[in-house]
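Residue numbers (this note's numbering), protein chains in the order written: chain B, 48 to 275; chain U, 683 to 1033. Here is the structure we will look at, set down as structure tokens.
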């Protein structure tokens, strides 16, 4: 395997972006999944549509919307700039792009986990004196772990491969915002970049296999822990 | 405990209109599947909201549509024991037991974990995982968890129906301890008349979303004698048997009851169907049934198309079931003497 310093930087940045996007999305994903599964309110269908929208939209479209929102003339971009925070064309923009694109996958997995929880467990918790938030924290959260692990794995993997939205909001600046897919894109465009592109592809495969392994191992541990 | 119910709830096409007042420490809610028992439980526990009406537990208003009061489940302090144990699988036995206790205000903690584990015989289970218990153990831990929450009222929603017969009657003394040892009033929900007889003093009968009446368990058993598949179930607590020719001779009434499958040590609970008792006007010379008991007819009651005959021997009673024509042929009347024949194998030991 032949990796240049900028390739290694791209790998490290990809992992950093994927980890950050997953970490910041997890609490929000849990809350949104909880609202969808257990909430009774008007506009629930609209919330579901909004959450799932990034699944159906082309990533480039998502990237463009984010650019409009976070760019110099966007309302969020203007507000952030006034407090000295620059998002566009930084690694933070790549995190937001990854988080937006991967969020529906995360919510879907957590939701599946939550839907499999017997409602009587929640009733038992409430009748034992736990308020709703307490029940969410002490019963729903631990019993949704499997879904959260699955969702996190999916989101992490999706973030590693994120291209379309990232290139629009973060650009493709080696050492700054260039991730593995963007680096592969650069090599694929160059007549001498085949072996370098293949090396990065191999790294992607290794990372993906590692995530899947980790997911299985943690899932099995959770199952065994419950059985004993 | 005084429970005042006057609530309405529309559940799809099923309309629930419950109105009743009942007092007691061991109250049963009896009804067939789909009669609305579980919905009533959810409404009382605050897990479902009525459309209108009022619900009071003693002096506390749990729900009032008129006064816009609707206490949350945790404010009501009504703990639940379910058909399935519903233990939290991610927690061990100890953590399950303490779940409600930790959330109970210190001033309400009258039952301590130490006392509870001793009475419910849970000490040896404390270090185990919730998934590593037998069905009976799970239900005992679920009961302990609910009791340790120190509730004002405990609702047991068909807690025995997921257990097989042998376990079911081993658990009953523990369920009864809720009232006897811990002094917590309970609502016991079941479609089994035998369980009502063993667990309750007063019964709310629920039918098609309505409370159709309040009765004693014995009245309930009598009213259902002709329609119940096993008739009226006589429940007999017998002890100190003498073994003769492989049969158990238990002291009962003015003589003995001879039973095929008994137990020498301790007290045993037996059931005997009213349909397994044959009545004779005169003492028959010889019969194959091992029990021939001379009894006085204490009472005769109607149940559907049949007659229930309450037989008395000493201070003990049995209910026999006969058809009307048999009653006429026997010329049976209150105060008369009859002979009741019962096969030794007709007694079924429950626990």
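Backbone N, C-alpha and C fix where the C-beta goes; we use that ideal spot for every residue, glycine too.
Would you say the segment 814-826 of chain U touches the segment 774-788 of chain U, given that touching needs at least three Cβ pairs under 8 Å?
-> yes
Residue 804(U) - containing alpha helix (DSSP H), residue span = No alpha helix (DSSP H) contains residue 804(U), which DSSP labels as neither H nor E.
Taking only the alpha-carbon atoms, compute the straight-line gap between residue 261(B) and residue 253(B) and give it to the nearest angstrom.
-> 12 Å
If the cut is a Cβ gap below 7 Å, which residues of chain B does residue 831(U) touch?
-> 175 and 176
Would you say the segment 704-720 of chain U touches the segment 227-241 of chain B, given that touching needs at least three Cβ pairs under 8 Å?
-> no
Starting from the beta carbon of residue 755(U), find every residue of chain B whose beta carbon is closer than 8 Å, and list them in chain order.
-> 170, 173 and 174
Taking C-beta to C-beta, are residue 1045(U) and residue 702(U) nearer than 8 Å?
-> Past the boundaries of the shown model lies residue 1045(U); chain U is included only from 683 to 1033, so the question cannot be answered.
Among 810(U), 872(U), 755(U) and 959(U), which residue has its Cα nearest to the Cα of residue 786(U)?
-> 755(U)
For residue 931(U), I'd like the list of residues in its chain whose CB is within less than 7 Å of its CB, leaving aside the five on either flank, ordered along the chain.
-> 923, 924, 938 and 940
If we count the other Cβ atoms within 10 Å of its Cβ and call it buried at 16 or more, is residue 48(B) buried or exposed?
-> exposed
Three-state secondary structure assigned by DSSP to residue 1044(U) = No answer is possible for residue 1044(U): it lies beyond the span of chain U, which begins at 683 and ends at 1033.
Using the C-alpha atoms, what's the distance from residue 195(B) back to residue 259(B)?
-> 14 Å
Using DSSP with H/G/I as helix, E/B as strand and the rest coil, what is residue 769(U)?
-> coil
Check residue 270(B) in the structure and name its three-state DSSP category.
-> helix
With a 10 Å radius around its C-beta and 16 neighbouring C-beta atoms as the bar for buried, classify residue 943(U) as buried or exposed.
-> exposed
Listing by chain order, which chain U residues have their CB less than 7 Å from the CB of residue 186(B)?
-> 770
Is the CB of residue 165(B) under 8 Å away from at least one CB in chain U?
-> yes
Proximity below 8 Å, CB of residue 186(B) to CB of residue 169(B) = yes
Would residue 767(U) pass as a contact of residue 820(U) if the rule is Cβ separation under 8 Å?
-> yes
Bridge partners of residue 662(U), per DSSP?
-> Nothing can be reported for residue 662(U): it is not among the residues displayed for chain U, which extend from 683 to 1033.
Using the beta-carbon of each residue, which ones in chain B are nearer than 7 Å to residue 762(U)?
-> 170, 171 and 174
Cβ pair residue 735(U), residue 761(U) closer than 8 Å = no
Could you tell me which residues DSSP puts in a beta bridge with residue 872(U)?
-> 712(U)
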